[in-house]
Amino acid sequence: MASDNPRLLYLTRGDITAVGGAHSELYVTALRDALVAHAEGATVQPLKPYLRTRGKEGHIADRIIAMPAHVGEPGISGLKWIGSKHDNPASGRERASAVIVLNDPETNYPVAIMEGALISAWRTAGVTCLAARHLARDGFTDVALIGCGLIGGTQLAALLEQFPAITTVHLFDTRPEAAATLADRFGERVTARVAGSAEDAVRSGDVVVPCTVTDRPYLEFDWLKPGAFLANVSIMDVHKDVFLRADKVLVDDWEQSNREKKVINQLVLEGRFSREQLHAELGEVLAGTRPGRETDDEIVLLNPMGMAVEDIACAGEVYRRARLHHVGTWLDLY
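Note that full-length UniProt numbering has the sequence shown beginning at 1, numbered continuously upward.
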């Protein structure tokens, strides 16, 4: 980039897909290093602000979030700006939309801007896959998915890519047609069963993944079978007693999780949960400084709030591959 003519690389969703951004391998590789670095204090990540135009009157999923982070040395800096509206699907839009801006940390000039919703969905799925390697039972066969939209479909696609032992998926959505669509999509690879209720699906799952826009908990501890791993992707689905009765509770980042009146934050404010009761942050398990699953019958809960470190690490790898393969459109900054 010449100093008198700064440029940035613009990447569409199609461009990101062209360099591997619609498969799990890119994300699992980038995320492991980023999460370990985060656990070791080698990242910079301010708390993310939430923009809610309707305040407390709005739906919990209606917001825009600014997520800045710096990863690596000299590494990459950046920001994900992600909007969400719970009723977007009713008008044919995806619930979430996003852009990611990357900056060169040596000059702080922007070097790339890219579509962010695809990266956001796949990095979320990548976190679940990394966690399942350490927190699910070896050789697990059954996955329960609650919520069959973009995030749910990406979670399932990533798990099937990473865990060939999966034989059966149990799908539930309040819109039965969404569950049926996913069942058709994956039915040639595994047995895909449309469950009659969330409870029906959860009771069948070795790995349980809720991906909804609910603002009220519904998932009860007694639904989980011994040895279940629950990746609480959509955060608000799980009743408080699940956090209190699970054998191990993990987060991706304690400070990010203990805010915004999410369930962990509610329990902390009530004096019923604390950092000392947390088993670990996921990066500590990946780094080997804290154990993952230790027995086959443990019930393990991961509460992944989602971190900017994850998005920027993955977007940085997308940018690296795009430059290597001459993908994308160069834009003049001035």
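Heads up, the beta-carbon is just placed ideally off N, CA and C, and yes, glycines get one too.
- Within the same chain, and ignoring the five residues on either side of R203 in sequence, the residues whose Cβ sits closer than 6 angstroms to its Cβ are W223.
- By the CB criterion at 7 angstroms, A39 and A313 fall outside the cutoff.
- By the neighbour-count criterion, in which 16 or more other beta carbons inside 10 Å mark a residue as buried, G153 falls on the buried side.
- Counting along the chain, no alpha helix (DSSP H) covers I100; the unbroken beta strand (DSSP E) around it starts and ends at A96 to N103.
- Straight-line spacing of the CA atoms in A131 and R52 works out to 31 angstroms.
- Boundaries cannot be given for T174, as no beta strand (DSSP E) includes it and DSSP labels it neither H nor E.
- Rounded to whole angstroms, the gap between the alpha carbons of E317 and C211 is 25 angstroms.
- Cβ atoms of A228 and G205 come within 8 angstroms of each other, at about 6 angstroms.
- Nearest Cα to L145 within the set R54, G58, H70 and L230: L230.
- Judged by beta-carbon spacing, L26 lies beyond the 7 angstroms limit of A112, meaning their Cβ atoms are not closer than that value.
- Between G292 and D15, the gap from beta carbon to beta carbon reaches 7 angstroms or more.
- Non-local C-beta neighbours of H70 in its own chain, meaning closer than 6 angstroms and more than five positions away in sequence, comprise V44 and S77, ordered along the chain.
- Remark: C-beta atoms of V194 and A183 approach each other more closely than 7 angstroms.
- Rounded to whole angstroms, the Cβ separation of G306 and T124 is 6 angstroms, and the two are in contact under 8 angstroms.
- In the structure shown, the three-state DSSP call for S234 is coil.
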